[in-house]
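S.K.: This is the structure I have questions about; it appears just below.
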Amino acid sequence: MSEFVKMSKSAVIGAANGVMFMTFFGALWASIGIVGSHQLVAPWPLVLSIIMTVILLFGAISLFITSRSMNHTVTPKEREVSKRINQKFGFIFGLEGIAIFLASVICHTIDHFQVFFPIMAIIVGIHFFPLAQLFREKFYYSTGIVMSMLGIISFFLPLNATIGNVTFIAMSTFIGFGSALTLWVTGLRIWMTLQKKLKQ
């Protein structure tokens, strides 16, 4: 992910954690899309979700295994830099959680919970911008832009739609699958980029 440690053990572990995050939250967003789709084109969305979760989980585990075989000695400077990055990441992640919680409460209070998922996507998208700077990963800017745009577009979609004989929640289906796909691609990008750097 970041070049500040030039492929040290901590860099590989950081990438593994990144892939794991994309795996978990990608599956979470996919579940929102699956529930909202009301069995539309079932079972393929579930099959795709399982396949991508397994692939990314394998990627994360393989990176963790790779990190364990590395004999890199962490210098005091690298340890201090890693500590600061972890603290900043925790702060950003915490703010994201608080923002999502407040959005949930507000949407429920004003009886417009249907807009919660688009708002959550925008919040998640915004949180990728400081992460891009923190981890020196420009691709995160693209992830943030796409997630935010998915959230904005969702506001203009009808709540419900009908295709054939299936009536589904269009907003949840779009934002769920769109966000899942975005996070899956990001997770694959982290894994593939790290693998390429390890071979250099």
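Residue numbering for the sequence shown is 24 to 223, as defined by the working numbering. Glycine residues also receive a C-beta, built at the ideal position from the N, C-alpha and C atoms. Please read all numbers here as calculations on a predicted model, not as lab measurements.
#1: Let me know the secondary structure DSSP gives F179 once reduced to three states.
#2: Please tell me whether Q137 and L182 are closer than 8 Å, where the distance is taken between their beta carbons.
#3: What is the DSSP secondary structure of I84, counted as helix, strand or coil?
#4: With respect to the beta strand (DSSP E) encompassing F114, which residues constitute its N-terminal and C-terminal limits?
#5: Cα-Cα, which of L221, S72, V64 is closest to F47?
#6: Buried or exposed: where does E103 fall if 16 or more other Cβ atoms within 10 Å of its Cβ makes it buried?
#7: Under 7 Å Cβ to Cβ from V189, same chain only, skipping five residues before and after it: list those, please.
#8: What three-state label does DSSP hand F197 in the structure shown?
#9: Kindly give me the distance between the Cβ atoms of L173 and S202, rounded to whole angstroms, as I take these residues to be in contact under 8 Å.
#10: Using a 10 Å radius around the Cβ and a threshold of 16 neighbouring Cβ atoms, would you call T205 buried or exposed?
#11: In the DSSP output, which residue or residues are listed as bridge partners for V189?
#12: From L80 to C130, what distance separates their C-alpha atoms?
#13: Within its chain, find whatever has a CB closer than 8 Å to the CB of I115; leave out the 5 residues flanking it on each side and keep chain order.
#14: Determine the DSSP secondary structure at Q62, reduced to helix, strand or coil.
#15: Less than 8 Å between the C-beta atoms of T209 and F162, yes or no?
M.R.: Concretely, from the data shown:
#1: coil
#2: yes
#3: helix
#4: It is not in any beta strand (DSSP E) - F114 instead sits in the alpha helix (DSSP H) that spans 99-132.
#5: S72
#6: exposed
#7: H61, Q62, L63
#8: helix
#9: 6 Å
#10: buried
#11: I186
#12: 33 Å
#13: H150, P153, L154, L157
#14: coil
#15: yes
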